[in-house]
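Here the protein sequences line up with chains G and Z, keeping their order. The numbering of the first sequence is the numbering used here, which starts it at 1302 and goes up by one. The numbering of the second sequence is the numbering used here, which starts it at 12 and goes up by one. Idealized CB from N, CA, C, for every residue including glycine. Input: a single structure, listed below in structure tokens.
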Amino acid sequence: MSPIKPRAPRDNGAPDYEPYLHPSMQRNYGRWTGHRDIRPGVFVHEAESGDNLFTVRAGSPRLMSARLLRRICDVADKFCQGRLRFTSRNNVEFQVETEAEVQPLIDEIEKVLGFPVGGTGRSVHNIIHTQGWLHCNLPNTDASGVVKSIMDMLYEEFTHENFPQRVKISTSCCTINCGGQTDIAINLQHHHPPVIDHEMVGRCELPKVIAICPVMAIRPDRKDGHDTVEVIEEKCMYCGACHAQCPAIEIRDGDTDTLSIWVGGKSSHTRSGPAFMKLAAIGLPNNPPRWPEVGDALKRLLNAYKDGAREFERVGEWIDRIGWKNFFDLTGFEFTKYHIDNYRWARTTFNTSSHVRL
Amino acid sequence: MSDELKLPLLDELETGPWPSFVKDLKDQAQRNPKLNQLLEQLEESYENRWDFWRGTVLNVAGYGGGVIARYSNLGDKLPDVAQFHTIRVIEPPAFVYSTAALRQLADISEEYGAGILQLHGMTGDILLLGYDNEKLFEAAEVLMEDGWDIGGSGNGMRTIPCCIGPARCEMSCYDTLKLTKYLTDKYIGYLHRPEFPYKYKFKLSGCANDCSNATSRSDMPVIGTWRDNIQINQEVVEEFVAGKGADWVIGNVTSRCPTLCMRLVGDRMEIDDRNCVRCMHCINVMHGALAPGNDRGVTLLIGGKRTVRNGDMLASALVPFLKLETDEDYETFCAIVERIWDFWGEHGLEHERVGEFIDRVGLGTFLDGVGLEPNPQMVRQPRSNPYIKFEEYTAPRIEGEPHKAANVLNREPEGPEAEA
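Right, dumping it as structure tokens:
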């Protein structure tokens, strides 16, 4: 038995970033003057000092093994003075100081890592996603597998810049929706109220379970001498907040849960400003391992956007211009009563005018 | 062992051009055999469309955050994944690394965990996966010994993602990396020991392009901006117009300005800066010709979040402009943050994000509570419904009296209970 070691230091905080910066970034910190795009996945930043810093962006699967991470490090050691960075969309960025090093670096990335170079400008960017079945306790679909399937299909769209504007995609595996507000999102929907395990539910803090329901659809109950809760089904909107609070209240259903596609979200404040996503397609089967129906719907949507949008228009801005009637006509998605909001801000989404496209 | 693995569904994810996580996990399984059982469980999920993880609370001594506990419901059959916890490691600002640092994480992850990581989590953290109860503590000690820190889960502050900022971007209006480190270090206790009503996320973006997706996904987005004029280099504007044509510039730059505050006169750009809302579109398209102004700072927003529980919320403007250069500026910033934490911490309900709290008590009450003056920048428009709950018998006059509204929430208790 090893002796008890003293505890490690606490409160280390965030790592000091300065030594982790590429030497060119250390030298030119805060003194960049401009940038140029070289080709999809490659851009160069210019500094006051006259320095150039070329960045090569490669798509990663986010989940990676220690071995793969070391191979990434090998590439950075060979070309990038042992420095690299990740982006908020799970890309790896490798940086070199001369244009002559760019192609050998790309070759190395493709050979050693098998990562595609791209995901910049007017391409389909890498997907923001969470964990899904691999490691989350709440999902009813996978994340890594959905992403792999979609990005296999959109590989060319990642490595080329063929769209009117950038396209950002996210996936979410439950209605918590960890993914961001993006141009296109693939989210999970439940189709019935939660089922309560009355034996187990007493292990949860019931007042918290009752309080967490956003529509006050949960109230205390007693069954067979146990404290439990009941769900008022007319009020329940299948959000699953109670399930996150108490696993004995099960919202998921492997047989009936479906996937939906949402469009027009935007984080950037440019032009029209940040925007929520809106419901486009419902009822897509949750169909591992390749989710082909989701892929088909995505393709249809992307084609309509590519054909119809003007330069610089994000998906939501394109729809704002052409209107939802044209959107549903062009994509062939069915507009149903479920597309009409009935939650708190529903009325703000109605067309309160005679402005209709006929 | 791996020869016996039957993964017909997952095997289908080994083909195709995008990097395959299945292939990668199988490769790492040679070093960390417990990944075989992870894949077996995942295969079961694919087959049954069902999840087999159970989450509970588990912590390293002295911490209330930083560990995501996962127990497998198939633990009897797959003992290697019976305990399969995640450690949330605080990431370096802007996700910059030396290979030495990453190799250290790879080694720790292989030795103590399942040899897999996620770079990065939705809240910017480094996720190290696959630790059992015992190895979890050992790994945390080793991480801290090596200078890393953990935290950012539960009802507390989250790790802070930020854009690349001044480290490699000419657009950045403040030092996002410095503020990330400053806030993380100053409030490290809130990352270690959750003590808020619910989570609190900062996300920092150097300009309105919002590369850290702050506005839709954080309680407190900090967006870089400027309060003087856009810098115009008319010579480069001329070159740009000569290259692209005036029609293109009018169609794609000036007419796309959300406030139509700019126009092309000949081949010169004229901007009515009083109406510019700093959206960045024209600067993105004509960088080189146009640039953010020199008097830079941040706009502070409040209350963004994703769906659970009251629905998605975009953050809304709280402080239109704040300088972030000197130590005093940083202290002012923190004073605002701490007042918000005090007020929300005191009155927020369990599991109520600050945006939901504002919806419940009203933005006016919130401003009273945190001591900020109302400002037309905070709204798209003034109210259009007439149900005003005045707190005084006569409304403040035009041009008139200082704001003296009684603060309902802080009003002294009255009546027999208060006297008792």
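Counted as a single uninterrupted DSSP element, the stretch harbouring residue 1385 of chain G is not any alpha helix (DSSP H) but the beta strand (DSSP E) occupying residues 1384–1387. Exposed is the label assigned to residue 67 of chain Z, since fewer than 16 other Cβ atoms lie within 10 Å of its Cβ. Apart from sequence neighbours up to five positions away, no residue of its chain approaches residue 109 of chain Z with a beta-carbon distance below 6 Å. Within chain G, the residues 1314, 1315, 1316, 1317, 1318 have their CB atoms less than 9 Å from the CB of residue 192 of chain Z, given in chain order. Chain-ordered, the chain G residues with CB closer than 7 Å to the CB of residue 180 of chain Z read 1333. Secondary structure of residue 1427 of chain G (DSSP, three-state): coil.
In the three-state scheme derived from DSSP, where H, G and I count as helix and E and B as strand, residue 273 of chain Z is classed as strand.
Residue pairing of residue 1333 of chain G in beta bridges, as defined by DSSP: G:1348. Here residue 24 of chain Z carries a helix assignment [DSSP, helix/strand/coil]. Nearest to residue 1486 of chain G by C-alpha distance, out of G:1525, G:1429, G:1420, is G:1429. Counting the other CB atoms within 10 Å of its CB gives residue 1432 of chain G a total of 16 or more, which places it among the buried residues. In the DSSP assignment, residue 312 of chain Z falls within the unbroken beta strand (DSSP E) covering 307–313. In terms of Cβ geometry, residue 290 of chain Z and residue 273 of chain Z do not form a close pair [threshold 8 Å].
Non-local beta-carbon contacts of residue 1321 of chain G in its own chain, meaning distances under 7 Å to residues more than five positions away in sequence, involve 1384 in chain order. Around the beta carbon of residue 1424 of chain G, 16 or more other beta carbons lie within 10 angstroms, which makes this residue buried. The contact set of residue 344 of chain Z on chain G, defined by CB atoms closer than 8 Å, is empty, because the minimum CB distance reaches about 17 Å. Residue 1622 of chain G: member of the alpha helix (DSSP H) spanning 1616–1632, first to last residue. Exposed is the label assigned to residue 72 of chain Z, since fewer than 16 other Cβ atoms lie within 10 Å of its Cβ.
Under DSSP, residue 298 of chain Z takes part in a beta bridge, and its partners are Z:301. Judged by DSSP secondary structure, residue 1325 of chain G falls within the alpha helix (DSSP H) whose first and last residues are 1324–1328. Annotation: the continuous beta strand (DSSP E) that includes residue 235 of chain Z extends over 231–237. Taking 8 Å as the CB threshold, residue 1434 of chain G lines the interface with chain Z. Take the alpha-carbon of residue 1413 of chain G and the one of residue 1360 of chain G: they are about 14 Å apart.
Here residue 1472 of chain G carries a strand assignment [DSSP, helix/strand/coil]. Here the region 1496–1509 of chain G makes no contact with the region 1455–1473 of chain G; the two share fewer than three CB pairs at distances below 8 Å.
In the structure shown, residue 218 of chain Z adopts coil according to DSSP, grouped into three states. Under the three-state reduction of DSSP output, residue 1499 of chain G falls in the coil class, being neither helix nor strand. Residues of chain Z whose Cβ lies closer than 7 Å to the Cβ of residue 1431 of chain G are, in chain order, 133. Between residue 1437 of chain G and residue 64 of chain Z, the alpha-carbon positions lie close to 6 Å from each other. Ranked by how close their Cα comes to the Cα of residue 179 of chain Z, the residues G:1355, G:1560, G:1400, G:1405 have G:1355 in first place.
Taking a contact to require three or more Cβ pairs closer than 8 Å, the region 1363–1375 of chain G and the region 123–141 of chain Z qualify as touching.
The beta carbons of residue 1417 of chain G and residue 1387 of chain G sit about 16 Å from each other, so the pair does not count as a contact at 8 Å. Remark: C-beta atoms of residue 1479 of chain G and residue 317 of chain Z approach each other more closely than 8 Å. Think of a sphere of 9 Å around the beta carbon of residue 101 of chain Z: the chain G residues whose beta carbon falls inside it are 1313, 1314, 1315, 1316, in chain order. The beta carbon of residue 1579 of chain G sits closer than 7 Å to the beta carbons of 1563, 1564, 1565 from its chain, once the five residues preceding and following it are set aside; these are given in chain order.
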